[in-house]
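Protein chains in written order, with our numbering: chain A, 9 to 120; chain B, 1055 to 1168.
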C-alpha cells in the first residue's frame, strides 16, 4: 500500500491566499518529513523539512506542521504567488535509513 | 560545488531491447546515491540506493538492476525493456552518515518504450 499519501491531487487558490497541503503516513518509525517542489520538466527540489523532535518549522511563507500521533504533516503557504504554481511532493523517511518515500503529489495552481 | 549529471536526457527504445542509464556526482565524496522512477501520472518511487561502491540495495522490483562501479557513478540497466518501464528516471544523492539530509536530484531521463 501507499506508505505516504497526499489527499488532494490538485488545488487552486487565488493569489494572496493561504493554502494547506496535507500528507498522511503509515510508518510510525518515520522521523523525517519533507516537502519538495517540482516545476514541469524539472526535478524536485527541497522546499522545507522537519525532524520529529519538533512539531512546527517555519521558513518565510512556508510552515510545516507535524502531528505525530495522527501520522500527518502539512505545508502551509501564506501570501501565495503565481510562482508557487507547481507540484508539491511530501516525503517521509526514517533516520539512519536510506529510504525516503514520496507521496503522489499535489498540483497547485495560484491564479492571479 | 556539487554537480549531478544524468545521461541520456531522453531515450526511445523498443520492447525487449537493453537499457543503460548513467549518473555521476562530482564534488562530493562517498555520497548516498539513489534511483527514482515516476510513471506518467504515477508516484515518484525509489528503485535502488547505494551507500558505498559496489553495494546496491533494491527497493522495488521492476526487472531493473543497478550498479555502483565507482564512488561517483551509479548505473541503472536492464537487458530487456518492458512497456511498463516507460517513465521518468531520476538519480539523486544525499550526504551519508545516517541522518536524513536533503536529496538533490539530477535533471532526469525520460524513457519511452514502444
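Glycine included, C-beta positions come from ideal geometry on N, C-alpha and C.
Asked: Candidates B/1161, B/1103 and B/1148, of which the one nearest residue 1118 of chain B by Cα; Found: B/1103
Asked: Chain-ordered neighbours of residue 110 of chain A on chain B, where CB pairs are closer than 7 Å; Found: 1097 and 1098
Asked: Three-state secondary structure (DSSP) of residue 1137 of chain B; Found: helix
Asked: Proximal residues, the segment 1129-1150 of chain B versus chain A, C-beta separation under 7 Å; Found: 1144
Asked: Residue range of the beta strand (DSSP E) that includes residue 30 of chain A; Found: 27-33
Asked: Helix, strand or coil at residue 1065 of chain B [DSSP, three-state]; Found: strand
Asked: Beta-carbon contacts of residue 1064 of chain B that lie in its chain and below 7 Å, excluding the five residues immediately before and after; Found: 1163 and 1164
Asked: Near-chain A residues of the segment 1056-1082 of chain B - C-beta to any C-beta below 8 Å; Found: none
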